[in-house]
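Data first, discussion second: the structure below is written as structure tokens.
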Amino acid sequence: MRYVDAPRAGWYPDPQSRTSLRWWDGFDWSDIRRAPPSNAELIAAEQLREFFADNELVAAGRHAGSQAAAGMSRQDSQQMVEEVRMAARQEIDRAAQQFSDRATTAVRRVTPLISEYTNKLTKWVRRAVVISIVLLAAYFVFQVIAQKSFLDWVGDRIDSVTDESGQAVAQIDT
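Mapped onto our numbering, the consecutive letters of the sequence shown carry residue numbers 469 to 642.
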């Protein structure tokens, strides 16, 4: 069957199940199904048809719209659709670029919390290392001075215990 000969889109009896309606999209059956219309729906549809038939302004508007649509060629409508697509693509690209710029700016302005705490930790570690080096140097200086004076004191004690000839002195200076 040619597309031109196909029935227009709408609800038709489901070929697989006669108890429901199925949507024909103009080219093929869709997966959308529904129950047959109730009496209230049929009455509402009839009233709507009567309203459009009785109201001249609505009928004239529908007629003018169908004339305008009929006056446009397929190429004109294709061109209009393509222009709308291009405008939508340009708007999407513009919005994406704007979002990307904002995100980049936000990332540059925000300092990660880990960096802030790492910087503070680094400062404290440096201070602790400097203090440790100063204390270690002071300890070594103290040890050198203390050992020298202790050894001098021990040497003086040994000298006073023995005389120069190597004999022990009877009296020890205190």
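Glycine included, each C-beta is placed from N, C-alpha and C at the ideal position.
It should be emphasised that the depicted structure is a prediction, and the values quoted were computed from it without experimental measurement.
Is the distance from the Cβ of residue i to the Cβ of residue j below 8 Å?
i, j, result
"Ala503", "Ser485", "no"
"Ala477", "Trp492", "yes"
"Ala474", "Phe495", "yes"
"Arg501", "Arg517", "no"
State the DSSP-derived secondary structure class of residue i, mapped to helix, strand or coil.
i, result
"Asp496", "coil"
"Arg502", "strand"
"Arg490", "strand"
"Thr573", "helix"
"Thr579", "coil"
"Ile626", "helix"
"Asn507", "helix"
"Ser485", "coil"
"Arg521", "Here residue 521 is Ala; the residue named in the question, Arg, does not match the sequence. If DSSP states are grouped into helix, strand and coil, Ala521 belongs with the helices."
"Thr642", "Unreliable placement is indicated for Thr642, whose pLDDT of 49 sits below 50; the coordinate value is still reported in the next sentence. Three-state result, Thr642: coil."
"Ala474", "coil"
"Ser541", "coil"
Strictly by DSSP, which residues pair up with residue i?
i, result
"Tyr607", "None; Tyr607 has no bridge partner."
"Tyr480", "Arg490"
"Thr422", "With the chain running from 469 to 642 in the structure shown, residue 422 is simply not present."
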